[in-house]
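Undergrad: The structure under discussion is supplied below as C-alpha cells; questions concerning it will follow.
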Amino acid sequence: MFSLATGNKPHPSVSHEQKHHFSQDDPRTALALPEVDARIHFALVCGAKSCPAIQVYTVHNLEQALEAAASSFISQEVKVQGNKVTVSKILEWYASDFGTNEFELLRWVSKYLPDDSKQQLEQLLSNSPSSITVDSKQYNWTLNL
755 MFSLATGNKP
765 HPSVSHEQKH
775 HFSQDDPRTA
785 LALPEVDARI
795 HFALVCGAKS
805 CPAIQVYTVH
815 NLEQALEAAA
825 SSFISQEVKV
835 QGNKVTVSKI
845 LEWYASDFGT
855 NEFELLRWVS
865 KYLPDDSKQQ
875 LEQLLSNSPS
885 SITVDSKQYN
895 WTLNL
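Pasting the structure below:
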C-alpha cells in the first residue's frame, strides 16, 4: 500500500540506490499513483507514538480528511521558535514529497500551521530564509496503544 500511494518510491529505510519499490515489470507498478499527494504521509500510519493519528477515509470524505490529517499533524508536530523550525522526522524522511528544497518544504508546512506560527514562519521565509535553522525531532517508535 505504502509504495502504491507514494508513486512506487521505496521506504526511506531502504538503500538510497533503490529508486523504486517495485520493479518496472511488476504488475503492481501500474497501480502506483503517478504523482504523490504529500498529505498521504499523514494518513498512512504505523502505530508508533510519533505517527499521525489514525483516521477513517472514505471516497466521500477523502479530500476533507486528508486536509484535516495534515493540519492536525503539522500543528502538533512543527514548532517555530525564533529562527528555528523543528519538524517531525516524517517531513525529513519524505522531504522530496513536500518540495525540491528546504524552502519549499517550509512553505508547504506553513499552510497547515496555526495562525501565529504560520505568520512567524512566513515572515522568516520572506525576510531572512537563510537564517532559518531546521531541526527534526527524535522519532518515537513506541507502540501507541
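In the numbering used here, each number is its position in the sequence shown, counted from 1, plus 754.
The beta carbon of each residue, even a glycine, is placed where N, CA and C say it ideally should be.
1. Examine the Cβ distances between the stretch 880 to 896 and the stretch 801 to 808 and report whether three or more of them are shorter than 8 angstroms.
2. Contact between the stretch 818 to 827 and the stretch 849 to 859: three or more CB pairs below 8 angstroms?
3. Can you find the residues in the same chain that come closer than 8 angstroms, C-beta to C-beta, to residue 793, ignoring five residues on each side of it along the sequence?
4. Report the residue from 899, 845, 789 whose alpha carbon sits nearest the alpha carbon of residue 863.
5. What are the boundary residues of the beta strand (DSSP E) that includes residue 839?
6. Please classify residue 867 as buried or exposed, where buried requires at least 16 other C-beta atoms within 10 Å of its C-beta.
7. Just tell me which of 858, 843, 779, 784 has its CA closest to the CA of residue 884.
8. Run through DSSP, which three-state label would residue 798 get?
9. If you run the structure through DSSP and keep just helix, strand and coil, what is residue 872?
10. Let me know the alpha helix (DSSP H) ranges lying completely inside the stretch 853 to 899, each 4 residues or longer, listed in chain order.
TA: Considering the structure as presented:
1. yes
2. no
3. 820, 821, 823, 824
4. 845
5. 838 to 841
6. buried
7. 858
8. coil
9. helix
10. 856 to 864, 869 to 881
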